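Protein chains in written order, with the working numbering: chain E, 1 to 301; chain W, 302 to 388.
Glycine included, C-beta positions come from ideal geometry on N, C-alpha and C.
This structure is a prediction, so every number in the text was calculated from the model and none was measured.
So the structure is just underneath, and the comments pick up after that.
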Amino acid sequence: MVSGVPHSSLERQRRRAAWLFLLPMLVVLAGVAGWPLVRTVFFSFTDATLATLDGFQGVGLDNYLWLLRDPVWWRAVWNTLVFTVVSVGIETALGLGIALILNAHLPGRGLLRAAVLIPWAIPTVVSAQMWGWMFHDLYGVVNAILMGLGLIAEPRAWTADPDLALPVVIAVDVWKSTPFMALLILAALQMLPRDLYEAARVDGVHPVTVFLRITLPLIRPALMVAVLFRTLDALRVFDLMYVLTGNSRSTMSMSVYARQYLIDFQDVGYGSAAATLLVLVLAVATVLAVTLGRVRVDVGR
Amino acid sequence: MVGLRRIAFALVVLGIVAWAVFPFAWAIVTSLKAGSALFTVEAWPSQPSLANYAVIVREEPVGRNIRNSLMAASAVVALSLGLAVLA
């Protein structure tokens, strides 16, 4: 591809056409994503409230200074980070295992994949409600099964107990998102060339070595993309925590915190500061993942 | 020995499917429990009833809800696809 000044009028025409094609998407993106983002950052430097969106004053960095001194905010950051690392880690490991199993030539493979996809297909709010009922301390089936198996002596308050709540939220997210990881990894596994495995079998290589030395490096690009998607999703998690545990401090994520200040306390300035910090965290995570993980978002090498 | 491996494999597959499907199946079982049967924990209600479904169809505009979902889904897919393909 020649770079720099277009030489011929045909090339200029092509570039103009390319820009015309890009224009609708850029305009929509600017309107739907760019404008609210700019507005949020703007509001974070003011003391606006939901009731006084017009009559506000600039307060400089006050919102941010308050935010960085709020222990509840740091607890929210901690919750979000723990949730992200643990849930993405477990989902990747389990997803890898399930993908390897689903890759085998089984009868009814299509039905199997459809069944495994159900947790991902159900809307999060709905499945969170389902799990909330299952984890109910008096009438929930989880307590009934665990007590029936003799694993616990008395019913536990899974979503109310501050020590159990975050593990519960992580467990529900693992249930929900492992199928996503599994299917992405499965797609990558199915594109691997067979002859490599034939050669390995002829040479008598141990299956674990085959996995570590052949399979894993080959699916690395797809794996990294899946991990990046899940990590970004996990950093901005909201509905799971909100539906299962409300505004509880032991599980609130950064999004729940921002929403509480924006809507419940009607403090648009402070909530916008929290939201802006969340966007910054996401941006940093993306840059880190793409550069360190050498993630390729474009197809083809 | 191969038979044993096969059985273990089948069990693992069944386990995975059960884990994925159980909450959904439980929701269906729960929906068939009417009244105070809801507060008992049984694998299958002793008196299954469609009363809950009747309440939903009667109280909520289910037809409109489904139509809204369909409209939103098709519009979002069409618009996103159109914009993305152009770009």
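Contact with chain W is absent for residue 87/E, since none of that chain's Cβ atoms lies less than 8 Å from the residue's Cβ. Segment contact: the stretch 336–350 of chain W against the stretch 197–211 of chain E, fewer than three CB-CB distances shorter than 8 Å; contact not assigned. By the rule that beta-carbons nearer than 8 Å mark a contact, residue 17/E does not touch chain W. Short of 7 Å from the beta carbon of residue 157/E, and not among the five residues preceding or following it, lie these beta carbons of its own chain, in chain order: 137. Taking residue 244/E as reference, the option from 190/E, 277/E, 159/E with the minimal CA-CA separation is 159/E. For residue 129/E, the uninterrupted alpha helix (DSSP H) run begins and ends at 124–134, by DSSP. Counting every other CB atom within 10 Å of its CB across the protein chains shown gives residue 270/E a total of 16 or more, marking it as buried.
Between residue 346/W and residue 322/W, the CB-CB gap reaches or exceeds 8 Å. Contact residues of the stretch 306–325 of chain W toward chain E are 313, 314, 317, 318, 321, 322, 324, 325 (C-beta to C-beta distance below 7 Å). Taking 8 Å as the cut-off between beta carbons, the residues of the stretch 119–136 of chain E near chain W are 119, 122, 127, 130, 131, 133, 134, in sequence order.
Non-local C-beta neighbours of residue 125/E in its own chain, meaning closer than 8 Å and more than five positions away in sequence, comprise 239, 243, ordered along the chain. For residue 385/W, the chain E residues whose Cβ falls inside 8 Å of its Cβ are 25, in order along the chain. Using a CB distance cut-off of 8 Å, residue 328/W counts as an interface residue toward chain E. Taking residue 186/E as reference, the option from 223/E, 144/E, 11/E, 69/E with the minimal CA-CA separation is 223/E.
For the stretch 67–94 of chain E, the beta-carbon criterion of a distance under 7 Å to any beta-carbon of chain W is satisfied by none of its residues. Scanning the stretch 213–291 of chain E for uninterrupted beta strand (DSSP E) segments of 3 residues or longer gives nothing; none is fully contained.
Selection 197/E, 162/E, 234/E evaluated against residue 177/E yields 234/E as nearest (Cα-Cα). In this model, residue 87/E and residue 55/E are separated by some 43 Å (Cα to Cα).
Distance from residue 140/E to residue 134/E at the Cβ level is roughly 5 Å; contact confirmed, criterion being Cβ atoms closer than 8 Å. Residue 46/E has 58/E as its beta-bridge partners, per DSSP. For residue 80/E, the secondary structure class from DSSP, reduced to helix, strand or coil, is helix.
An exposed status is given to residue 8/E, since fewer than 16 other beta-carbon atoms sit within 10 Å of its beta-carbon. The residue from 181/E, 208/E, 194/E with its alpha-carbon nearest to that of residue 227/E is 181/E. For the stretch 337–349 of chain W, the set of positions with a beta-carbon nearer than 7 Å to some beta-carbon of chain E reads 340, 342 in chain order.
Taking the C-beta atoms as reference points, residue 40/E is found no nearer than 8 Å to residue 285/E. Under a criterion of Cβ atoms nearer than 7 Å, the residues of chain E adjacent to residue 388/W are, in order, 21, 22, 25. Of 362/W, 319/W, 356/W, the smallest CA-CA separation from residue 336/W is found for 356/W. Note that the C-beta distance between residue 76/E and residue 248/E is not below 8 Å. Annotation for residue 198/E: the continuous alpha helix (DSSP H) segment containing it runs 194–203. Between residue 119/E and residue 179/E, the C-beta gap is smaller than 8 Å, which places the two residues in contact.
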